[in-house]
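Taking it in order: structure first as structure tokens, then the write-up.
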Amino acid sequence: MASLDELYRQVILDHYRNPRRRGSLSGPHVHAEGLNPSCGDEFSIDLQIEDGVILDVAIQGQGCSISQASGSMMTEAIVGTTIDDARALSSTFKLMMGITEGEDPLDPERPGAVLGDLEALQGVRKFPVRIKCADLPWTTLADALDQADA
Ligand code: ZN
22 MASLDELYRQ VILDHYRNPR RRGSLSGPHV HAEGLNPSCG DEFSIDLQIE
72 DGVILDVAIQ GQGCSISQAS GSMMTEAIVG TTIDDARALS STFKLMMGIT
122 EGEDPLDPER PGAVLGDLEA LQGVRKFPVR IKCADLPWTT LADALDQADA
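Per my numbering, the sequence shown starts with residue 22, numbered consecutively.
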């Protein structure tokens with residue numbers, strides 16, 4: 022029987038090898054770029070937002086499997102949501118990764134939080150230097166959402 026770690030590794034590799042929503046948007050959109058110098062990861066995102074809803078997402082980037090898989094998983098989690106929901110999801114993700122202090126969102130007693138494939142990244146918590154890799158797409162997303170709000 023495959024261990025949970027092995028299952029998570031497979032989910033991460035699948036997103037790394039087959040990134041979702043890779044490309045760029047041609048219509049009106051906001052664009053943000055991010056860099057994680059400690060690992061050399063690059064990430065950029067296009068968001069089409071109307072009336073506070075993220076209608077479309079496209080990403081590009083290069084770097085380690087953790088950074089790129091995190092970005093791919095993020096696109097699936099945020100497309101179709103509101104800006105507020107995307108920010109709430111980002112907060113939940115940062116709690117799971119130990120980036121911010123607070124209640125563990127993966128506590129089964131805690132209702133509501135659904136991270137889906139993103140839960141596969143929780144093992145990265147054990148490797149502090151890689152947490153920045155997992156967080157890069159989310160800091161880039163925050164930049165894009167701030168532009169959309171402005
Ligand atoms: Zn990295």
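C-beta atoms are modelled at their ideal positions from N, C-alpha and C, and glycine is treated no differently.
Which term fits residue 105, buried or exposed, when burial requires 16 or more other beta carbons within 10 angstroms of its beta carbon?
Counting other Cβ atoms within 10 Å of its Cβ, residue 105 stays below 16 and is therefore classed as exposed.
Test item, CB below 6 Å from any non-hydrogen atom of ligand 1:
57, 60, 62, 84, 85, 87, 88, 154
May I ask you to report which of helix, strand or coil DSSP gives residue 170?
The answer is helix: DSSP assigns residue 170 an H, G or I state.
Please classify residue 58: is it buried, with 16 or more other beta-carbons within 10 angstroms of its beta-carbon, or exposed?
exposed
Give the secondary structure of residue 114 by DSSP, where H, G and I count as helix, E and B as strand, and everything else as coil.
helix
In whole angstroms, what separates the C-alpha of residue 127 from that of residue 71?
31 Å
What number of angstroms, rounded off, separates the C-alpha of residue 101 from the C-alpha of residue 66?
15 Å
Here's the rule: buried if 16 or more other CB atoms are within 10 angstroms of the residue's CB, otherwise exposed. What is residue 156?
buried
Contacts around residue 52, its chain only, beta-carbon distance under 6 Å, and the 5 residues preceding and following it disregarded
67
Tell me which same chain residues have a C-beta within less than 6 Å of the C-beta of residue 164, skipping the five on either side of it?
53
Expressed to the nearest angstrom, what Euclidean distance is found between the alpha-carbon atoms of residue 48 and residue 69?
Cα to Cα, residue 48 sits roughly 8 Å from residue 69.
Restricting to runs no shorter than 4 residues, where is the alpha helix (DSSP H) found entirely within the stretch 57-118?
86-99, 104-117
Taking just the CA atoms, how far does residue 36 sit from residue 136?
Roughly 15 Å between the two C-alpha positions.
Could you spell out where the alpha helix (DSSP H) holding residue 34 opens and where it closes?
25-38
Within 10 angstroms of the Cβ of residue 158, are there 16 or more other Cβ atoms? Answer buried if so, exposed if not.
buried
Spell out whether any CB of chain B is found under 7 Å from the CB atom of residue 47.
No chain B is present in this structure, which holds just one protein chain.
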